[in-house]
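**Q**
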Amino acid sequence: MNAPDAVLPLRSALHLALRQIEGTLAELGPDTFPGDTSDAQFYGPRRLDPAAPGANIGWTTGFWTGQLWLAHALTGRQALRLAAVRQTASFIHRMNAGVDLEHHDLGFLYQLTCVAADRLDAMPGARGAALHAAERLLGRFRPQAGIIQSWGSLDDPLQRGRIIIDGAMNLPLLHWAGALTGRAAFADAARRHLERTRAHLLRPDGATYHTYHFDPDTGAPLRPSTHQGAADDSCWARGQAWGIYGFALNHRHLPDLGLLDDAVRMADYFLARLPHDRIALWDLSLAHDSGEPRDSSACAIAACGLLEIAHQLPDDTARRYYRDEALALLLALHATCAGERPGCGGVLLHGVYHRAANLGVDEATLWGDYYYFEALARLAGCWTPSMPAA
Ligand code: GLY
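Counted the way numbering that gives the first Met the number 0 counts, the sequence shown spans residues 0 to 389.
This is the structure:
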C-alpha cells in the first residue's frame with residue numbers, strides 16, 4: 000500500500016459517506032432515530048416496543064447523533080449542527096427520565112453525543128448528563144469481581160458477573176469523567192475491568208471470547224460463552240474489532256498496563272483471518288468459502304483501531320505497517336461496501352447485527368456507518384468523538 004495512492008479514493012469515500020448521512024437526515028428528519036440497522040438497505044424510524052417509532056431507546060442511537068456531530072465538525076453546516084443539538088437534548092432527557100440505561104453501553108451513548116456536544120458546542124446540560132452516565136457506568140462495577148457488568152440489572156440472575164469484550168469501548172467515558180472530576184474511582188474501575196478482560200477474554204493466540212462469566216460475589220472465573228458468535232470458543236469478528244479499538248483507546252489513559260501490545264496481538268489475529276477481499280466474515284472461525292455473510296462493520300471498527308495503534312506505536316516501521324493496513328481496509332470497504340443513493344440509504348453496506356437471530360443480516364448498521372465515517376474523518380484530519388481530549 001502506497002499511502003498517497005489512498006488519498007483520493009478515501010477523500011471521495013468521505014464525501015460519499017457525508018452525502019448518505021445527509022440523505023438519511025433529510026428522509027427521517029432531525030428528531031427521529033433510525034433503526035439499529037437498515038431494512039432492505041434504507042433506514043426507517045427505530046421500532047422497539049413499547050417505545051414510539053423513532054424514539055431514543057436501545058444501545059445504538061448515539062452512533063447516529065455521533066455521525067451528525069462529526070459531519071458538522073467536518074463541514075460546519077448548520078443543519079447538521081441543529082439536528083445534532085436536538086438529538087443531544089433527547090439524550091439529556093433520556094438520562095433524566097431514566098430510559099433504558101441498565102447496561103454498559105452508556106459509554107457509546109453518551110461519549111458520542113453529550114461529551115461531543117460539550118466539547119464542540121459547550122451545549123448546556125450535555126456535560127451534566129454525560130457525568131451522570133459515567134456515574135451509572137461506575138455503579139455497575141462489582142468490586143469483589145473487579146468487573147463492570149455488561150448487561151441487565153445487577154441482580155439479574157443470567158447477567159450477574161458477566162462481561163463482554165465490547166465493554167472496553169465504553170470505558171473512555173470513565174476516563175473523561177475521571178479527568179473532569181479528579182475522582183480516581185473512575186480510572187480504578189476501568190483498570191480492574193481491563194485486567195480481568197485481558198486475563199479471561201483474550202486468548203494466548205490473540206483471539207477473543209465474546210463474553211465471560213464470573214462469580215459476582217467471589218470473582219471466581221467461571222466460563223467463556225458467546226452471544227453473537229458462531230460458538231462459545233469461536234472468535235466473533237466484531238467482538239475482536241471492539242477489542243482492538245477498545246484496548247488501543249484505553250492505552251492512552253492507562254499506559255502502564257501494556258494494553259497497546261494486546262491491541263496489536265488482537266489486530267494481528269484479525270488481519271491474518273481476512274479473506275481475499277479483506278471484508279471479514281461475521282465470525283473469524285468461518286471458512287472463507289462457507290458462503291456465510293461478511294460483517295463490514297467489524298472492518299470499520301478494526302480500521303479505527305489500527306489507526307489508533309499506529310498513532311501510539313513508538314516505532315516508525317510498525318506505525319507505517321498498521322496505518323497501511325488501516326488504509327487497505329478502508330479502501331476495501333469503499334470498493335465493496337460503500338452505499339449510494341438511489342439504491343441504498345446506508346453508509347456502509349454488508350454488515351451483520353446478529354446472524355443466529357437473523358437480525359440485520361447483510362444490512363447497513365449504525366455502528367458500521369459511524370466507525371467507517373470516523374476513520375475517514377480522522378484521516379482527513381478532523382477531530383473525532385472517540386478520541387480523548389488530551
Ligand atoms: N455491542 C453489541 C454489538 O456489537 O452488537
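Backbone N, C-alpha and C define an ideal beta-carbon position, used for all residues, glycine too.
May I ask you to report which of helix, strand or coil DSSP gives threonine 36?
**A** Three-state result, threonine 36: strand.
**Q** Out of Leu136, Arg159 and Leu200, state which residue places its alpha-carbon closest to the alpha-carbon of alanine 186.
**A** Nearest option by C-alpha distance: Leu136.
**Q** Use the C-beta contact count for aspartate 117: other C-beta atoms within 10 angstroms, 16 or more gives buried, fewer gives exposed.
**A** That one is buried.
**Q** With distances taken between CB atoms, is the gap from glycine 61 to phenylalanine 32 smaller than 7 Å?
**A** Going by C-beta atoms, glycine 61 is not nearer than 7 Å to phenylalanine 32.
**Q** Quick check on this structure: which residue in Ala50, Ala374 and Ile243 has the alpha carbon closest to the alpha carbon of aspartate 99?
**A** Of Ala50, Ala374 and Ile243, the residue nearest in Cα terms is Ala50.
**Q** Pick out whichever of Ser284, Asp323 and Phe269 has its Cα sitting closest to the Cα of cysteine 298.
**A** With distances taken between Cα atoms, cysteine 298 lies closest to Phe269.
**Q** By Cβ distance below 8 Å, which residues in the same chain neighbour leucine 172 in space, the five residues on each side in sequence not counted?
**A** Closer than 8 Å at Cβ, skipping near neighbours: Leu105, Gly106, Tyr109, Gln110, Val114, Ala129, Ala132, Ala133 and Leu136.
**Q** Going by CA-CA distance only, name the one from Asp255, Leu13 and Cys303 that's closest to leucine 193.
**A** Ranking Asp255, Leu13 and Cys303 by Cα distance to leucine 193 puts Asp255 first.
**Q** What are the start and end residues of the beta strand (DSSP E) that includes histidine 212?
**A** Residues 210 to 213.
**Q** What residues are listed by DSSP as bridge partners for valine 351?
**A** Note: valine 351 sits in a beta bridge opposite Val360.
**Q** Roughly how many whole angstroms lie between the Cα atoms of asparagine 408 and glycine 181?
**A** An answer regarding residue 408 cannot be provided, because it is not within the stretch 0 to 389 covered by the chain.
**Q** Grab me the residues of arginine 80's own chain with a C-beta within less than 6 Å of its C-beta, minus the 5 sequence neighbours each way, in chain order.
**A** Within the same chain, arginine 80 has close Cβ partners His71.
**Q** So, is glutamine 143 buried or exposed, given that buried needs 16 or more other C-beta atoms within 10 angstroms?
**A** When all chains shown are included, glutamine 143 counts as exposed.
**Q** Between the C-alpha atoms of aspartate 43 and threonine 196, what's the straight-line distance to the nearest angstrom?
**A** In the sequence on display, residue 43 carries glycine and not aspartate. So the two alpha carbons sit approximately 36 Å from each other.
**Q** Looking only at C-alpha atoms, which of Leu200, Arg45 and Gln86 sits nearest to phenylalanine 213?
**A** Out of Leu200, Arg45 and Gln86, Leu200 has the C-alpha closest to the C-alpha of phenylalanine 213.
**Q** Excluding the 5 residues preceding and the 5 following alanine 389 in the sequence, name in chain order all residues of the same chain whose CB lies nearer than 6 Å to its CB.
**A** In this predicted model, alanine 389 has a pLDDT of only 41, less than 50, meaning its place in the structure is not dependable enough to derive any value.
**Q** Is leucine 27 helix, strand or coil when you go by DSSP?
**A** Helix at leucine 27.
**Q** I need the DSSP call for aspartate 282, collapsed to helix, strand or coil.
**A** The answer is strand: DSSP assigns aspartate 282 an E or B state.
**Q** Go through its chain and collect everything with a Cβ distance to leucine 24's Cβ below 8 Å, but skip five positions before and after it.
**A** These residues qualify, in order along the chain: Leu67, Ala78, Leu79 and Ala82.
**Q** By DSSP's criteria, tryptophan 150 is part of a beta bridge. Which residues make up the other side?
**A** Bridge partners of tryptophan 150: His102.
**Q** DSSP on threonine 316, reduced to helix/strand/coil?
**A** In this structure, threonine 316 counts as helix in the three-state DSSP scheme.
**Q** Does the Cβ of glutamate 339 lie closer than 6 Å to at least one heavy atom of ligand 3?
**A** Absence of ligand 3 is noted for the structure shown, with ligand 1 being the only ligands found.
**Q** Report yes if the C-beta of aspartate 294 is less than 6 Å from at least one heavy atom of ligand 1; otherwise report no.
**A** It does not: the Cβ of aspartate 294 is nowhere closer than 6 Å to a heavy atom of ligand 1.
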